[in-house]
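Protein chains in written order, with the working numbering: chain P, 6 to 123; chain E, 179 to 290.
Every residue, glycine too, gets a C-beta built ideally from N, C-alpha and C.
For clarity, every value in this text was computed on a predicted model and none was experimentally measured.
So the structure is just underneath, and the comments pick up after that.
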Amino acid sequence: AQTVTQSQPEMSVQEAETVTLSCTYDTSESDYYLFWYKQPPSRQMILVIRQEAYKQQNATENRFSVNFQKAAKSFSLKISDSQLGDAAMYFCAYRTGDYGGSQGNLIFGKGTKLSVKP
Amino acid sequence: DTGVSQNPRHKITKRGQNVTFRCDPISEHNRLYWYRQTLGQGPEFLTYFQNEAQLEKSRLLSDRFSAERPKGSFSTLEIQRTEQGDSAMYLCASSLVGQPQHFGDGTRLSIL
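Structure representation (structure tokens):
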């Protein structure tokens, strides 16, 4: 069974600084996807960034980038130039690849609560 | 694209009552997922539909839980004879096959 582990329950960053959130996962599959989702308080889960396992290049989305280390099964999120609006719970998630019969459900870590200090 | 809509936002009920939640997915999405999120945890997968077919339901937490998607559009999640441990946020997400899931705001269930 696949598992996702986020070892940092809480993180704090100063506004305009950079922070890295950690995620490790376990799987025996070679084809899968990894995601970071953001969940602000009392608001919906929003996709931040996704990574296809077959791609060696790390995904980037504006101030958000990942460090994907497939052999180490590590998938960290770096937030640059942190803003007050980045404060939220961040969830790392895994999904199996799109082979026939794949359910496509997400497996989530427990989350990291990010605080941004002005 | 009006997003995924869930109703009600908050449901308070007494132990032993039945509750039903509704999810309206993004209109062109053929997959619909239900998750449960308890305090301090990430969402936990419950069940999913592709069009009107429920393709996985073994993860539903007990036989008190059931879900339907009668016409391949909206879906309902019902919990019968609610228990204290059912208190949680119930999230719905939709997607096209192979594409990222879009989540609704969730329904928070509180059992008195």
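| query | Do residue 220 (chain E) and residue 90 (chain P) have their C-beta atoms closer together than 7 Å? | reply | no
| query | Which of the three DSSP states, helix, strand or coil, is assigned to residue 19 (chain P)? | reply | strand
| By how many angstroms is the C-alpha of residue 181 (chain E) removed from the C-alpha of residue 255 (chain E)? | 19 Å
| said: Which residues in chain P have a C-beta closer than 9 Å to the C-beta of residue 250 (chain E)? List them in chain order. | reply: Neighbours of residue 250 (chain E) on chain P: none; closest Cβ ~16 Å, over 9 Å.
| said: Which same chain residues end up closer than 7 Å to residue 204 (chain E) when comparing Cβ atoms and leaving out the 5 residues on each side of it in sequence? | reply: 179, 181, 182, 272, 280
| message | Here's the rule I'm using: 16 or more other beta-carbon atoms within 10 Å means buried, otherwise exposed. How should residue 231 (chain E) be labelled? | response | exposed
| Segment contact flag, the segment 192 to 199 of chain E with the segment 35 to 44 of chain P, C-beta cutoff 8 Å, min 3 pairs | no
| said: Under DSSP, the beta strand (DSSP E) around residue 258 (chain E) begins and ends at which residues? | reply: Here residue 258 (chain E) belongs to no beta strand (DSSP E), and DSSP marks it neither H nor E.
| query | Who pairs with residue 288 (chain E) in a beta bridge, going by DSSP? | reply | E:190
| message | Going by DSSP, what residue range makes up the beta strand (DSSP E) through residue 72 (chain P)? | response | 69 to 74
| Hey, is residue 219 (chain E)'s beta-carbon within less than 7 Å of any beta-carbon in chain P? | yes
| request: Name, in chain order, the residues that DSSP records as bridge partners for residue 31 (chain P). | output: P:8
| said: Let me confirm a value: residue 253 (chain E) is counted as buried when at least 16 other C-beta atoms fall within 10 Å, else exposed. Which label applies? | reply: buried
| task | Pull up the DSSP beta-bridge partners for residue 185 (chain E), would you. | result | E:200
| request: State yes or no: is the C-beta of residue 81 (chain P) within less than 7 Å of the C-beta of residue 25 (chain P)? | output: yes
| request: Kindly give me the distance between the Cβ atoms of residue 9 (chain P) and residue 97 (chain P), rounded to whole angstroms, as I take these residues to be in contact under 8 Å. | output: 5 Å
| residue 262 (chain E): which of E:222, E:190, E:212, E:251 sits nearest, CA to CA? | E:190
| Among P:87, P:109, P:32, P:73, nearest to residue 123 (chain P) - alpha-carbon criterion | P:87
| task | Confirm, please, whether the CB-CB distance from residue 228 (chain E) to residue 269 (chain E) is below 7 Å. | result | no
| task | Would you list the one or two residues that DSSP bridges to residue 216 (chain E)? | result | Note: residue 216 (chain E) sits in no beta bridge, so no partner.
| request: Grab me the residues of residue 286 (chain E)'s own chain with a C-beta within less than 6 Å of its C-beta, minus the 5 sequence neighbours each way, in chain order. | output: 188, 267
| said: Which residues in chain E have a C-beta closer than 8 Å to the C-beta of residue 115 (chain P)? List them in chain order. | reply: 218, 219, 220
| query | Can you give the Cα-Cα distance for residue 21 (chain P) and residue 33 (chain P), rounded to whole angstroms? | reply | 38 Å
| message | Between P:102, P:108, P:7, P:83, which has its C-alpha nearest residue 41 (chain P)'s C-alpha? | response | P:83
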